[in-house]
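Enquirer:
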Amino acid sequence: MSVCLLIDFGSTYTKILAVDLAGEVILGRAQAPTTIETDVTIGLRKALNELVDSCGLDLDQVENKFASSSAAGGLKMAAIGLVPELTLEAARRACLGAGAKVVCSYGFEIDKEVVAEIEAARCDIVLLCGGTDGGDKRVITHNARLLARSGVDCPILVAGNRVVADTIREMLEREGKRVYRATNVLPTLDIVQVEPAQALIRDIFIAHITHAKGLDKAAEFVGGPIIPTPKATLQAAALLADGAEDETGIGSLLVVEVGGATTNIHSVADQSPVTPQTVIRGLPESRVKRTVEGDLGIRYNAPTIYDFVGRDTFMTKLRALHPPVDGTDFDPDRHIDYLSENVGHVPTTELGLSADIVLAESAASIAVERHAGTARQEFSVVGEILVQHGKNLLEVENLIGTGGIFRYGLHPERVLQAALFNPNRPWSLKPKSPKSFIDRNYMMYGIGLLAEHFPAQALRIAKKYLKETKFEG
Amino acid sequence: MKRRHVNKAVVIGTIGADAHMIGGWVLEKAFREAGFTVAFLGAVVPQQEFINAAIEIDADAILVSSMYGMGLLDCEGLRDKCIEAGLDDILLYVGGTVAAPIELEKNWPEIERRFREIGFDRAFPNTCTAEEAVQALKTDLGLE
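As they're listed, the protein sequences go chains A and B. Quick note: the first sequence, position 408, residue 401 per the numbering used here, numbers continuous. For the numbering used here, count along the second sequence from 1 and bump the result up by 177.
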């Protein structure tokens, strides 16, 4: 036995997954409410005790511990660029791919009002971009000057026009800011290069943010760095798709992660045009991509999803899942309010479980549509042209569902079904006929944590425990 | 209008619903060889994308290619948008089969006049070579 604990300090729950690296099996899992306000190790100890009780684990046998965190708001970043579709978009992608939440983003020259917003947002890192290498210098310099004079006290990562990077760094450091510098996220208009910035974001998270978030004791317990949870899931997605040295992956994939506050979508698939003649517009897409919808979550943001869907559609969907709802005094408005006020609520009745599924499938459908690209016909004198924006996911081979709902949900496959191509909205390039898998063990984050140190074992465990599911009809 | 500084950077693309690419490629190569930074946007490029690219690379000029005879229609309003985007001193060139072929042959001065009217600094007929375009820009930028 070589026991490894994979811990996630989530916004609501601290989760532990215990795996045996020698036998490549999952030994058990446990969770307890996250206690970030007081002492994060209280919740951790509780979860550990539960783990010991439920699967008879001997903690003395633990050889490795790895952890991720999205507690205390996760990694909050502000993104600043020049043109919204260009350097600002590249900056946002750099943040998202590093596992951050982009709490505010701005193009062009910022002003005092924007600076006040950034100060109020209490970000963990500000990413300052703008201009291709040798391109515009004026705007990023202006923005740096305002940041230098501001009350922003978090680290500032500069990843814009190389030509002025040194000047900007000095300008910020003179005012006592902590400055990091990475290569430009958009060195030329046709190259998005976010990896160096992402590597620094990770370093900054480990160096400063672990402490700022009250995760010191957690890091001490783990005996190593803590990384942002979405980054772990993204690593799991990349490993699962592309494989490790001596273990092949399962090919292109899309991961749908429905949470209480957000819905994360991760795709690992090469960008391809819908047809060979298709004209592709916009910034080049990367193979590994993450988007997060901060307005879609089945607890904190249940009211937003409910508003998107509308009461009538919500009830129609719920009735289809659970016909007896008509005989009860169920009031959807009240139920949704209850969920948003009791974010730790885990339903026990069939009606409650069904309502969760309706919320989750709606969130998944919208989030995947936002993540996926579009293809639309445009008419020209030379005939019809298909113009594609964003990532083509039509041919994606695998679809994976993860998050609490896929563990306790009643018909979680319905949530995945909502991520599929919809003939009524043919412009949205969602997957057409992928194999579908459900992460019943809520292990994806753990696989991502393991991927950094034991990729082959992590991959084999993931392949063993992902349950393929078939859609009805 | 006098430009504040010269950055030796140009944006090249084929505008509108026009899918022609070759002219743009030839220009891209010629300008690179002449030491310019080139943002080549390909074909079917909307006006906004020319402008976005020009802002981001701090371009001296936008070189618009049009081969399907609708150049005037597609180029209208580009100068105004440039002014709005803070690019009031950028040079705008257009070239190719910028109007119906018969018009090009018979009425070139009139076509040129209409492009100037909508804010373009130069218009080139489809007989112009890439070298001529490079030379023209160098002259306008005061490089030679």
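Beta carbons are placed, not taken as given, at the ideal position from N, Cα and C, and that holds for glycine. Quantities reported herein were computed from a predicted structural model and do not represent experimental measurements.
So which residues of chain A does Asp266/B contact, with C-beta pairs closer than 9 Å?
Expert: The premise fails here: Asp266/B is roughly 13 Å from chain A at the closest Cβ pair, so nothing lies under 9 Å.
Enquirer: Secondary structure at Thr28/A, three-state DSSP: helix, strand or coil?
Expert: Thr28/A: coil per DSSP, three-state reduction.
Enquirer: Would you please state the rounded distance, in angstroms, between the beta carbons of Leu44/A and Phe214/A? I believe it to be under 8 Å.
Expert: Going by Cβ atoms, the distance from Leu44/A to Phe214/A rounds to 14 Å, so no, they are not a contact pair.
Enquirer: Quick check: the Cα distance between Asp300/A and Asp330/A, rounded to an integer number of angstroms?
Expert: Near 12 Å, if we compare the C-alpha coordinates of Asp330/A and Asp300/A.
Enquirer: Beta-carbon within less than 7 Å of Ile118/A's beta-carbon, same chain only, minus the 5 sequence neighbours each way: which residues are those?
Expert: Excluding residues within five positions, the ones whose Cβ falls inside 7 Å are Met70, Cys147, Pro148, Leu150, Ile194, Ile197.
Enquirer: For the stretch 176 to 187 of chain A, list every residue whose C-beta sits within 9 Å of some C-beta in chain B, in sequence order.
Expert: Flagged, chain order: Leu179, Thr181, Leu182, Asp183.
Enquirer: When the cut-off is 8 Å and only beta carbons count, does Asn284/B lie next to chain A?
Expert: By this cut-off, Asn284/B is not an interface position.
Enquirer: Does any residue of chain B have a CB that is nearer than 8 Å to the CB of Val119/A?
Expert: With 8 Å as the cut-off, Val119/A does not count as an interface residue toward chain B.
Enquirer: I'd like the span of the alpha helix (DSSP H) that includes Met70/A, first residue to last.
Expert: Not the alpha helix (DSSP H): Met70/A falls in the beta strand (DSSP E), residues 69 to 73.
Enquirer: How is Ile103/A classed by DSSP in three states: helix, strand or coil?
Expert: Correct three-state label for Ile103/A: coil.
Enquirer: Given 8 Å as the limit, is there contact between the stretch 190 to 199 of chain B and the stretch 250 to 257 of chain B, that is, 3 or more CB pairs closer than that?
Expert: Yes: at least three Cβ pairs fall under 8 Å.
Enquirer: Out of Thr80/A, Thr462/A, Ile359/A, which has the shortest C-alpha to C-alpha gap to Asn477/A?
Expert: Coverage of chain A is limited to positions -6 through 466, which leaves residue 477/A absent and any answer about it impossible.
Enquirer: Taking the alpha-carbon of Arg292/A as reference, which of Leu403/A, Asp239/A, Ala356/A, Val18/A has the nearest alpha-carbon?
Expert: Measuring from the Cα of Arg292/A, the nearest candidate turns out to be Ala356/A.
Enquirer: Under 7 Å Cβ to Cβ from Phe307/A, same chain only, skipping five residues before and after it: list those, please.
Expert: Tyr299, Pro325, Val351, listed in sequence order.
Enquirer: Contact criterion: CB-CB distance below 8 Å. Does Ala353/B meet it with respect to chain A?
Expert: The question about residue 353/B has no answer, for chain B in this structure spans 178 to 321.
Enquirer: So, do the stretch 240 to 252 of chain A and the stretch 386 to 396 of chain A have three or more beta carbon pairs nearer to each other than 8 Å?
Expert: Result yes; three or more Cβ-Cβ pairs closer than 8 Å.
Enquirer: If contact is defined by three or more beta carbon pairs under 8 Å, each pair taking one atom from either stretch, is the stretch 440 to 448 of chain A in contact with the stretch 404 to 412 of chain A?
Expert: They do not touch, by the three-pair rule.
Enquirer: What whole-angstrom Cβ distance do Lys384/A and Ala230/A have, given they're in contact under 8 Å?
Expert: Their Cβ separation, rounded to whole angstroms, is 14 Å, which puts Lys384/A and Ala230/A out of contact at 8 Å.
Enquirer: For Ser426/A, which residues does DSSP report across the bridge?
Expert: Answer is none; Ser426/A lacks a bridge partner.
Enquirer: Do the stretch 88 to 99 of chain A and the stretch 121 to 129 of chain A make contact, defined as three or more Cβ pairs closer than 8 Å?
Expert: No, because fewer than three Cβ pairs between the stretch 88 to 99 of chain A and the stretch 121 to 129 of chain A fall closer than 8 Å, the two stretches do not touch.
Enquirer: What is the rounded straight-line gap between the Cα of Gly217/A and the Cα of Val248/A?
Expert: Roughly 27 Å separates the two Cα atoms.
Enquirer: Please tell me whether Gly49/A has its Cβ less than 8 Å away from any Cβ of chain B.
Expert: Cβ-Cβ to chain B under 8 Å: no for Gly49/A.
Enquirer: Could you say if the stretch 220 to 236 of chain A and the stretch 255 to 270 of chain A meet the contact criterion of at least three C-beta pairs nearer than 8 Å?
Expert: Contact between the stretch 220 to 236 of chain A and the stretch 255 to 270 of chain A is present, because at least three Cβ pairs lie under 8 Å.
Enquirer: If you pair each beta-carbon of the stretch 432 to 440 of chain A with each one of the stretch 274 to 286 of chain B, do three or more pairs fall below 8 Å?
Expert: Contact between the stretch 432 to 440 of chain A and the stretch 274 to 286 of chain B is absent, because fewer than three Cβ pairs lie under 8 Å.
Enquirer: Quick one: which unbroken beta strand (DSSP E) runs of 3-plus residues sit fully inside the stretch 391 to 425 of chain A? Chain order, please.
Expert: Counting only runs of 3 or more, we get 391 to 395.
Enquirer: Buried or exposed: which applies to Pro427/A, given that a residue is buried once 16 or more other Cβ atoms fall within 10 Å of its Cβ?
Expert: Buried is the call here.
Enquirer: Considering Cα atoms alone, identify which of Val178/A, Arg400/A, Gln381/A is closest to Thr271/A.
Expert: Minimum Cα distance to Thr271/A is reached at Gln381/A.
Enquirer: Across which residues does DSSP place Val12/A in a beta bridge pair?
Expert: Val12/A is bridged to Cys(-3)/A, Ile19/A.
Enquirer: Could you give the distance in angstroms between the alpha-carbon of Gln225/B and the alpha-carbon of Ile273/A?
Expert: Cα to Cα, the separation comes out at about 15 Å.
Enquirer: So, does the CB of Asp237/B fall closer than 8 Å to a CB anywhere in chain A?
Expert: Chain A, which has no Cβ nearer than 8 Å to the Cβ of Asp237/B, makes this no.
Enquirer: I want to verify the contact list: residues of chain B whose CB lies under 7 Å from the CB of Asp129/A, in sequence order.
Expert: Within chain B, the residues near Asp129/A are Ile232, Glu233, Asp235.
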